[in-house]
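In the UniProt record's numbering, the protein residues as written are 1 to 349. As structure tokens, the structure follows; a few thoughts come after it.
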Amino acid sequence: MAEASRTSEARRDAVFGRWVILSPARSRRPTDLKSHAAANPSPGAGNCAPKPSCPFCLGRESECAPEIFRVPAPPDASPWQIRVIENLYPALRRDADPPAPEEQAAQVLPGERAVLGFGFHDVVIETPRHDVRLWDLDADGVADVLLAYARRVLQLMEHPAVKYVQVFKNHGASAGASMAHSHSQMLGTPFVPPSVITRLNCMKEVFESLGKCSLCEFQSNDILVSETQNFSAVVPFAASYPFEIWIIPRRHHPFFHEIDKDMALDLGSLLRTMLQKLSKQLNEPPFNFMIHSSPFEVSSSCLPYVHWFLQIVPQLSVTGGFEIGSGCYINPVFPEDAAKILRELDSSI
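Take a look at the structure:
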């Protein structure tokens with residue numbers, strides 16, 4: 001369908017179960033949509049010299065919170081390429097008392113609940129250089145970051161009180177990043193977050209109704225941006241945000257942390273390309289990406305319909321009262337149009 005003939009449409013998402021209003025009248029042409037926000041949360045990013053206020057730079061390790069591990073691991077003589085450290089200002093505290101079994105059981109009951117803020121909040125420093133962004137790394141470098149995520153998730157899975165780990169990256173001040181140096185974060189929680197439960201329940205409904213996983217196939221090649229041996233990058237059919245991208249394993253995989261080196265390299269190459277395309281098309285926008293995996297203790301009966309994926313959300317607009325009040329988003333760009341633009345864009349920089 002040509003852009004000129006687009007009329008508003010409401011679509012329901014088959015993974016999160018939410019409605020989206022696609023309203024092209026609320027913007028100019030999709031190709032004109034650009035970010036006007038400064039991506040870097042502090043001035044001067046882009047210079048290779050360490051910043052006086054940046055503890056993430058090489059040589060400033062003693063100024064950070066305690067290190068969990070680094071890549072390559074000691075006693076390798078090479079400088080580190082990735083460091084996983086504790087968050088200096090954690091949302092949840094690893095030194096708090098974990099909830100007792102009866103408190104964990106009570107979390108699923110209706111009504112208000114309060115427990116101590118136990119959990120793990122870690123930072124993944126993706127590069128020792130202040131001027132390098134994640135998509136400036138080569139595919140092997142991005143793959144190493146992904147494997148560091150998986151390694152830390154496996155470590156947190158060993159703690160009996162941790163039920164879920166959310167891996168996420170905030171890039172840019174308006175996307176929630178307080179540091180310009182390229183990094184991502186991980187939160188291990190003693191509960192399964194409500195949006196995860198909603199996602200699993202919605203995917204269960206689809207599976208019981210249609211007999212298939214929501215993510216094992218998509219409806220149309222019109223939403224496909226790129227594909228590799230192991231992954232598909234699509235603009236989801238009911239994208240909540242303009243130029244939102246999902247990277248989905250082509251084969252059914254419930255857990256991100258089971259990714260192997262070959263899959264990580266494939267994903268690293270595709271993720272790098274998608275971030276380059278978004279940066280080029282949208283004027284280096286602030287963005288978030290989140291890895292949506294399955295809870296550690298998901299039952300075996302759920303495995304046929306739970307499927308992990310990586311979601312990239314460029315921050316191009318402000319969430320308004322309608323979205324906050326209804327939980328229904330308004331997207332000014334049809335997914336098919338966004339996918340076509342990104343598919344045809346040469347991402348070489």
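For every residue, glycine included, the Cβ atom is placed at its ideal position computed from N, Cα and C. Please read all numbers here as calculations on a predicted model, not as lab measurements.
Rounding to the nearest angstrom, what Cα-Cα distance links residue i and residue j in this structure?
| i | j | result |
| --- | --- | --- |
| residue 42 | residue 110 | For residue 42, the predicted model reports a pLDDT of 46, less than 50, meaning its position is unreliable; a value from the coordinates is still stated below. Cα to Cα, residue 42 sits roughly 43 Å from residue 110. |
| residue 45 | residue 143 | For residue 45, the pLDDT reaches just 41, beneath the cut-off of 50, and the residue's location in the model is therefore unreliable, although a value from the coordinates is still provided. About 24 Å. |
| residue 348 | residue 283 | 14 Å |
| residue 139 | residue 169 | 18 Å |
| residue 12 | residue 224 | 18 Å |
| residue 67 | residue 86 | 6 Å |
| residue 88 | residue 55 | 11 Å |
| residue 271 | residue 63 | 31 Å |
| residue 288 | residue 300 | 31 Å |
| residue 116 | residue 92 | 9 Å |
| residue 75 | residue 252 | 38 Å |
| residue 53 | residue 171 | 18 Å |
| residue 17 | residue 59 | 47 Å |
| residue 97 | residue 204 | 34 Å |
| residue 136 | residue 61 | 22 Å |
| residue 47 | residue 134 | Any reading at residue 47 must be qualified, since the residue scores a pLDDT of 46, below 50, and its modelled position is unreliable; the value itself is stated next. Cα to Cα, the separation comes out at about 15 Å. |
| residue 19 | residue 199 | 13 Å |
| residue 344 | residue 254 | 31 Å |
| residue 269 | residue 179 | 25 Å |
| residue 159 | residue 123 | 18 Å |
| residue 280 | residue 175 | 18 Å |
| residue 273 | residue 184 | 18 Å |
| residue 324 | residue 318 | 11 Å |
| residue 246 | residue 227 | 12 Å |
| residue 90 | residue 167 | 14 Å |
| residue 177 | residue 215 | 30 Å |
| residue 129 | residue 101 | 44 Å |
| residue 206 | residue 212 | 7 Å |
| residue 217 | residue 320 | 32 Å |
Might you give, ordered along the chain, the residues of its own chain that have their beta carbon closer than 6 Å to the beta carbon of residue i, omitting 5 neighbours on each side?
| i | result |
| --- | --- |
| residue 94 | 120 |
| residue 387 | As shown, the chain starts at 1 and ends at 349. That puts residue 387 outside it, with no answer to give. |
| residue 70 | 80, 83 |
| residue 244 | 313 |
| residue 330 | 21, 23 |
| residue 222 | 336 |
| residue 241 | 313 |
Whose C-alpha, out of the options, is nearest the C-alpha of residue i?
| i | options | result |
| --- | --- | --- |
| residue 113 | 305, 277, 99 | 99 |
| residue 296 | 191, 309, 233 | 191 |
| residue 337 | 15, 18, 24, 10 | 24 |
| residue 153 | 6, 343, 291 | 291 |
| residue 340 | 235, 171, 279 | 235 |
| residue 65 | 118, 125, 21 | 125 |
| residue 146 | 131, 127, 159 | 127 |
| residue 342 | 215, 278, 317, 101 | 278 |
| residue 311 | 9, 15, 221, 281 | 15 |
| residue 150 | 238, 326, 211, 258 | 258 |
| residue 208 | 302, 182, 193 | 302 |
| residue 141 | 261, 231, 238, 250 | 261 |
Near residue i, what residues of its chain come up, given a Cβ to Cβ distance below 8 Å and the 5 sequence neighbours on each side ignored?
| i | result |
| --- | --- |
| residue 156 | 120, 162, 165, 186, 188 |
Looking at the structure shown, is residue i part of a helix, part of a strand, or coil, going by DSSP?
| i | result |
| --- | --- |
| residue 45 | Reliability fails at residue 45, whose pLDDT of 41 lies under 50, so the model's placement of it is uncertain and no value is given. |
| residue 135 | helix |
| residue 148 | helix |
| residue 325 | helix |
| residue 311 | strand |
| residue 163 | coil |
| residue 180 | coil |
| residue 1 | In this predicted model, residue 1 has a pLDDT of only 44, less than 50, meaning its place in the structure is not dependable; the value taken from the coordinates is given anyway. Here residue 1 sits in coil by DSSP. |
| residue 189 | strand |
| residue 153 | helix |
| residue 142 | helix |
| residue 272 | helix |
| residue 12 | strand |
| residue 122 | strand |
| residue 22 | strand |
Are any of the Cβ atoms in chain B nearer than 8 Å to that of residue i?
| i | result |
| --- | --- |
| residue 320 | Judged by its chain identifiers, the structure shown contains no chain B, having just a single protein chain. |
CB-CB under 7 Å to residue i, same chain, minus the five flanking residues each way: which ones, in chain order?
| i | result |
| --- | --- |
| residue 334 | 6, 22, 24 |
| residue 118 | 92, 93, 96, 97, 98, 99, 161, 190 |
| residue 294 | 254, 255, 306, 308 |
| residue 9 | 22 |
Query raised in the report: What are the start and end residues of each continuous alpha helix (DSSP H) run of 4 or more residues lying completely inside the stretch 192-263, in chain order?
Result: With a minimum length of 4 residues, the unbroken runs of alpha helix (DSSP H) contained wholly in the stretch 192-263 fall at 194-210.
Query raised in the report: Mind pulling the alpha helix (DSSP H) runs of 4 or more residues that sit fully within the stretch 59-106?
Result: As for any alpha helix (DSSP H) of minimum length 4 sitting wholly inside the stretch 59-106, the runs are 101-106, ordered along the chain.
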